[in-house]
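See below for the structure under consideration.
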Amino acid sequence: MRIERTIKSIIGATKERKFISQNACMKNRQNLETMDRKYYQDLVNTSGPSVHNPIKVLKNWRKAYIDNLERNKLIDEINKPFKKPTLIKKIITKLFKK
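My numbering numbers the first residue of the sequence shown as 45 and each following residue consecutively.
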């Protein structure tokens, strides 16, 4: 489960940084819809603006990765109760199991 969470966080951080870099230009940002502008601003507040210095790029990507990792942990915690078999599911499997 941890490996899957890590891979999802890596992919999410990379996509977020790509979105920030694509829309860093004011001209591109003006073409965004209202929700996308808010999403862009939230991402910039979380992981930093678009930069071209390799060290800062890695630091900003790491911030995005940590944010995605925390989000994925929260999602796993929310979904944990639904993964446990319920009484109804146990009864149905016993009835139809040969």
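Ideal Cβ positions, reconstructed from N, Cα and C, are used throughout, including at glycine. Since the model is a prediction, treat every value here as computed from it, not as a measurement.
Item: Where Ile-119 falls, given that 16 or more other Cβ within 10 Å makes a residue buried; Value: exposed
Item: Whole-Å CB distance - Arg-61 paired with Ala-108, under 8 Å assumed; Value: 6 Å
Item: Proximity to Pro-93 [Cα-Cα], best of Thr-78, Ser-65, Asn-116 and Ile-99; Value: Ser-65
Item: Cβ-based burial, Asn-67 [other Cβ within 10 Å; buried from 16]; Value: buried
Item: Sequence-distant residues of its chain with Cβ nearer than 8 Å to Trp-105 (five each side left out); Value: Ala-57, Thr-58, Arg-61 and Ser-91
Item: Residues near Asn-112 in its chain [Cβ-Cβ closer than 6 Å; skip 5 each side]; Value: Ser-53, Gly-56 and Ala-57
Item: Span of the alpha helix (DSSP H) around Gly-56; Value: 46-66
Item: Beta-carbon spacing of Phe-126, Leu-87 below 8 Å; Value: no
Item: CB-CB length for Arg-49 against Lys-117, believed under 8 Å; Value: 7 Å
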